[in-house]
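Read top to bottom, the protein sequences are chains H and F.
Note that this note's numbering has the first sequence beginning at 21, numbered continuously upward.
Note that this note's numbering has the second sequence beginning at 154, numbered continuously upward.
Idealized CB from N, CA, C, for every residue including glycine.
For clarity, every value in this text was computed on a predicted model and none was experimentally measured.
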Amino acid sequence: TLRPSSQCATCGWPAVDLESHRELLLNLAKRSILDKLHLSQRPTLSRPVSRAALRTALQHLRGPPQGDLLEDNRRQEYEIISFAETGFSNINQTRLDFHFSSDETAGGMEIQQASFMFFVQLPPNSTWDINVRVFAPSPHNTNLTVASQHALQVDASGWHQLILGPEAQAACSHGHLTLELVPESHVAQSSVIMNDAAYRPFVTARVRVGGKHRVRRR
Amino acid sequence: GIDCQAGSRMCCRQEFFVDFREIGWQDWIIQPEGYAMNFCTGQCPLHVAGMPGIAASFHTAVLNLLKANTAAGTAGGNSCCVPTVQQALSLLYYDRNSNIVKTDIPDMVVEACGCS
């Protein structure tokens, strides 16, 4: 800190002795990382993710385009992977919940892109029609209502991606996204794999912090 | 920029690596394994102000002129040993919902130092 009519902290001092300042520097590094991530303390992991699910998700996470970091006044961007928790389900529908930490970031989150990734197991030479419903809180109460839906036809086993629209992005921004999978055809029971750790469905989101309420001074 | 050596007194970059295992953060930070923080330290005599690391520019020239004109009254010249080149720190970590987050935090790694 440079004060009027005084020298700044580093001036007039030789290089510091690292060993005697080690604790101070470690605390400074910890505080610096937590501040930049808008965390008051290090997260405590309440729902550990299996290594298989982590490996699968990371293989599908695409990095941001080169140059994004320096554009737009170097606003910090995040990519988040949220793993599904299975909510109310029956043979006709499966409900998935995704949680995002909207309260960790000052000024709220601005979701730029969100994708739903899910693994489907199908018998050979078969197709499967499915509706993916996006739920959002009703404007009049807290009940969830269908905000949009996407009809998909899946013709091969493997990972599938659905780019989610603005309704889903808004739900992610508010910290909670609910999707419902409704099979239209029943060629294969339980075609979407839910319980195997390596095939757990997830949502990837690209997030910009503080986008909505930012005031820019020129 | 100059990297600090034993007994350095002039403005230089001191390397400092924070091993996440050492501070018990390896469970929530997936990658990288540590943080090459580094920092700037050392003296900035007036004749060094504005160099190295800060490219010659109109602003540098004006600042140097101001310093030269006011040097008599201020021993230190208010010149500081500061980062002149910084890089982002890429982190892959678990948040408190056990989501996996990837982000690039700008200006976290000091690459070079110079006198302001």
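Using a Cβ-Cβ distance under 8 Å, would P143(H) count as near chain F? no
If the criterion is Cβ atoms closer than 8 Å, does the pair S102(H) and N252(F) meet it? yes
Which of helix, strand or coil does DSSP assign to R49(H)? With the sequence shown as reference, residue 49(H) is identified as Ala, and Arg is not the correct amino acid for it. Three-state result, A49(H): helix.
So which residues on chain F does P63(H) lean against when the C-beta distance must stay under 9 Å? W181, Y246, Y247, D248, R249, N250 and S251
Using a Cβ distance threshold of 8 Å, determine whether the region 139 to 148 of chain H contacts the region 106 to 123 of chain H, with at least three qualifying pairs required. no
Quick check: the Cα distance between A73(H) and T162(H), rounded to an integer number of angstroms? 32 Å
Nearest chain F C-beta to L197(H) closer than 8 Å, yes or no? no
Could you tell me the alpha carbon to alpha carbon distance between C193(F) and C233(F), rounded to whole angstroms? 9 Å
Got a sec: is the Cβ-Cβ distance from A49(H) to anything in chain F below 8 Å? yes
Could you tell me the distance, in whole angstroms, from the CA atom of M158(H) to the CA atom of Q113(H)? What sits at residue 158(H) in the sequence shown is Ser, not Met. Spanning the two alpha carbons is a distance of roughly 21 Å.
Contained alpha helix (DSSP H) runs [length at least 4] in the region 60 to 85 of chain H, N- to C-terminal order: 71 to 80
Looking only at its own chain, which residues have a Cβ that is under 7 Å from the Cβ of S177(H), when we skip the five neighbours before and after it? V140, Q141 and L142
C-alpha distance - M137(H) paired with H180(H), whole-angstrom precision: 6 Å
Given that Q96(H) touches chain F, what residues does it touch there, using C-beta distances under 8 Å? T256, D257, I258 and P259
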